[in-house]
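Student: Per the UniProt record's numbering: the sequence shown = residues 1 to 460. Where a beta carbon is used, it is the ideal one built from N, C-alpha and C, also for glycine. Once you've had a glance at the structure underneath, I'll fire off some questions.
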Amino acid sequence: MPAHKNHPKVQEHHPGAPAFEAAILRSEDRTDHRSTWPFFVYSALGIAIFFLPLSWRGNTTIIVDHVVTAFRDVAGPVVPWILLAFMLYGTVRQFITGRWKNGALTGVFSFANIVGVIVAGLYVSGFLSGPLAAKDLVPFLFEKIATPVGLIVPIGSMFLALIICYGFLEFVGVLMQPVMRPIWRTPGRSAIDAVASFVGSYSLGILITDRVYREGKYTAREAAIIATGFSTVSAAFMVIVAKTLDLMAYWGPFFAVSLVVTFIVTAISVRIPPLSLLPNDYYEGATAQPEEIVRKDRMKVAWSEAKNTLDEAPPLPQAAWRNFVDGTNMAAAITPSIMSIGLGGLLLAKFTPVFDWLGFLFYPFAWVARVPEPMLASKAAATGIAEMLLPATLVSDQESLVLRFVIGVVAVSAIIFFSALVPCILATQIPVKMWHMVVIWFERVALTFLIATPIAYLLL
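Shown next as C-alpha cells:
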C-alpha cells in the first residue's frame, strides 16, 4: 500500500472561504479564458454516454455499455483471448514493477493471480474439467463478471475524460457540496462517482474515485468512503436481483428502498470505525486540492472553477489515451483477481460451512428486526461477501415476500463482495485494507437488516 503525504485535515469550516470565493470570482473577470465550448459539448456527451439509459436490441442500459456489447459482437471469439491477455499482463506486471513486495497480503494476492490466469487459460482453451467447470463457478466468473468488467473499464475509461477533464466534475462538485459534505463527509464532486456506479458499473465509479484521489482531490478517508459506500451495482444488475427474487411486480418500491437504505447505511458507516479512523491525508506525490467551502454565489463559483479546469485541460485525444492506459492497467489488475479471489469465495460458499457459521453473526440483527426465517436470512446474507447475487439465489424459492424483499435490499446495500468489488478496490491506490472491507461489510449488512425490514413490513 503506498505511503501518503501528511496534510492538514480537511476542515468542515473554512475561515478563508469568503476570500477564496472573492478571488475566484475576480479571476473570472480578469482571466482570458479559452473557448468554453468543450465544457458544454464534452459534458453533454459525457452525461449522455454514462448517465442516459438507451434501448438497443431489446436491452436498456447506458451508451458505454452498448459500446461494450457492440465490441463483443464484433470481436466475437477473440474476446476471451483478449481477457486472458489482460490477465497475463496484469499478473506479470505485478512482478516486473515489484508491487508484489508491497506487503504480505499483496504478495499473496499476486501469487494467487497466477492461479487465476491458469484457471482462465484452461477455461478459454476448453481444457477445464471437474468441479471447477460447474456453471456457477469458473464459467460464471469468467463470462458474467470478468469479461464485462475487463471490457467496460478500458473502454469506459476513454469516455471518462469527457466528465473528469473539462470542468464538469468541478462544476457539479461546487453545486453538490451542501448535500455531500454534511451527510456523507465527502466532497460535492463525489456525487459523480455515486451516479456512475448506479447507472453504469461499480468498476467505473471506482475508476473515477481512484483517478481523482491520485490527482489530490480526495483524501484517503474520502476515497475509502466513496469506494465502499457508493459503489453499488448498477440499476441494470438490480433488475437481475429483482428477477431472481421474483420481485419485478414490486420493482418500484424495491429500487427506491435499495437506494435509500444504501445511502442511509453509508451515512452511518462514515461516522464509525474503521472509516471514521482513516487518515485525511492526500496521495503521495499529488498536489493537494481540497474542496473549498462555498457559502455564496454558488453558481458563479461553480462556473469559475469549471473554466479554470478547462484552461488547463489537455486535448481530448490526449486525455482519452491517458485514461485508456489507466483503464487497461486497472482491468489487467482486476481480472486475474476476480478469477482467483472470486473463485476462492465461491468455493467456500459451495463446499464449506464457513458462511453458515458467519450467518450466526447476523442472527441477532435479523431476529431483532423480525425478519421472517431469521436464521435462513442470516446465512443468506453471509454468502453475499463471496458474490452479491448468492443471497438472492438462496431465498428465491421462499414464500415470504418480506424475506425476499429484505434479502434483495441486503444484497445491494452490502456493496462489498469478493468476486469482483474487492479485487476492483485492491487494484487501485485507494488505501483500504482487507480487514477494513470485511468489517465495513459486516456493519452494512447488520444496519441494512435493522433499517430495511421495518420499511418492508410498512410497504408490503
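1. Measuring CA to CA, which of A306, P423, L450 is closest to F171?
2. Using three-state DSSP, classify Y363 as helix, strand or coil.
3. For the structure I just gave you, are there three or more beta carbon pairs, one from the segment 109 to 123 and one from the segment 174 to 193, closer than 8 Å?
4. Please tell me whether D193 and F230 are closer than 8 Å, where the distance is taken between their beta carbons.
5. I need the straight-line Cα distance from D32 to P38, nearest angstrom please.
6. How should S142 be labelled, buried or exposed, when 16 other C-beta atoms within 10 angstroms of its C-beta is the threshold for buried?
7. Which residues in the same chain have their Cβ closer than 6 Å to the Cβ of A456, if we skip the five residues on either side of it in sequence?
8. Suppose the cutoff is 6 Å on Cβ atoms and the five residues either side in sequence are ignored; what does the same chain contact list for K217 look like?
9. Ignoring anything shorter than 4 residues or poking outside the segment 234 to 292, list the alpha helix (DSSP H) runs there in chain order.
10. What is the residue span of the alpha helix (DSSP H) that L389 lies within?
11. Per the contact definition of three or more C-beta pairs closer than 8 Å, is the segment 260 to 273 in contact with the segment 438 to 458?
12. Give the straight-line distance between the Cα atoms of L162 and G156, rounded to the nearest whole angstrom.
13. Start and end of the beta strand (DSSP E) containing P423?
14. Under 8 Å: do the segment 380 to 392 and the segment 405 to 421 share three or more Cβ pairs, one atom per stretch?
15. Compare the beta carbon distance of F86 and G150 with 8 Å and say whether it is the shorter of the two.
16. As a quick exercise: from V445, G76, I338, pick the residue whose alpha carbon is nearest that of S269.
17. Just mark P53 as buried or exposed, buried being the case when its beta carbon has 16 or more other beta carbons within 10 Å.
18. In chain order, what residues of the same chain have a beta carbon less than 7 Å from the beta carbon of W441, not counting five sequence neighbours either side?
19. Under a three-way DSSP split, which group does P431 fall into?
20. By how many angstroms is the C-alpha of W321 removed from the C-alpha of F351?
21. Measuring only the C-alpha atoms, how far is L245 from F71?
22. With distances taken from CA atoms, which of M375, F365, A420 is nearest L389?
23. Alpha carbon to alpha carbon, how far is H66 from W56?
24. Whose CA, out of V325, E443, V41, D326, lies closest to the CA of L275?
25. Please report how far the alpha carbon of G408 lies from the alpha carbon of I206, in whole angstroms.
26. Would K379 and D397 be called neighbours here (beta carbons separated by less than 8 Å)?
27. Which same chain residues end up closer than 8 Å to G188 when comparing Cβ atoms and leaving out the 5 residues on each side of it in sequence?
28. Roughly how many angstroms lie between the CA atoms of residue 469 and M339, to the nearest whole one?
29. Taking all protein chains shown into account, decide if A133 is buried (16 or more other Cβ within 10 angstroms of its Cβ) or exposed.
30. Comparing C-alpha positions only, which one of Y363, R99, I152 sits nearest to V68?
31. Could you tell me the alpha carbon to alpha carbon distance between A223 and A48, rounded to whole angstroms?
32. Just to confirm, is the Cβ distance from I424 to Y202 under 8 Å?
33. Tell me, please, which residues DSSP counts as bridged to N59.
34. Exposed or buried, what is G103 when buried is set at 16 or more other beta-carbons lying within 10 Å of its beta-carbon?
35. Considering only C-alpha positions, which residue in the set L376, P317, M375, G116 is nearest to S337?
36. Just the Cα atoms here: how many angstroms apart are L204 and H436?
Tutor: The structure says:
1. A306
2. helix
3. no
4. Result yes, Cβ atoms of D193 and F230 sit closer than 8 Å.
5. Any reading at D32 must be qualified, since the residue scores a pLDDT of 46, below 50, and its modelled position is unreliable; no value is offered.
6. The residue you asked about is not Ser; residue 142 is Phe in the sequence shown. Here F142 is buried: its Cβ has 16 or more other Cβ atoms, across all protein chains shown, within 10 Å.
7. Leaving aside the five residues that flank A456 on each side, the residues in its chain whose CB is nearer than 6 Å to its CB run, in chain order, V402, F405, V406.
8. Q289
9. 235 to 244, 251 to 269
10. That residue, L389, is in no alpha helix (DSSP H); it is neither H nor E in DSSP.
11. yes
12. 11 Å
13. Not the beta strand (DSSP E): P423 falls in the alpha helix (DSSP H), residues 421 to 426.
14. yes
15. Yes, these two residues count as a Cβ contact at 8 Å.
16. If we check each option's Cα against that of S269, V445 comes out closest.
17. Answer is exposed; the Cβ neighbour count stays below 16.
18. So the qualifying residues of the chain are I385, A414, I416.
19. coil
20. Going by the C-alpha atoms only, they are around 44 Å apart.
21. 31 Å
22. Checking every option, the nearest Cα to that of L389 belongs to A420.
23. 8 Å
24. E443
25. 23 Å
26. no
27. V172, G173, V174, L175, M176, Q177, P178, V179, M180, R181, E291
28. No answer is possible for residue 469: the residues shown for the chain start at 1 and end at 460.
29. exposed
30. I152
31. Their Cα atoms are separated by approximately 25 Å.
32. Note that residue 424 corresponds to Cys in the displayed sequence, not to Ile. Contact flag set, yes.
33. W56
34. exposed
35. G116
36. 21 Å
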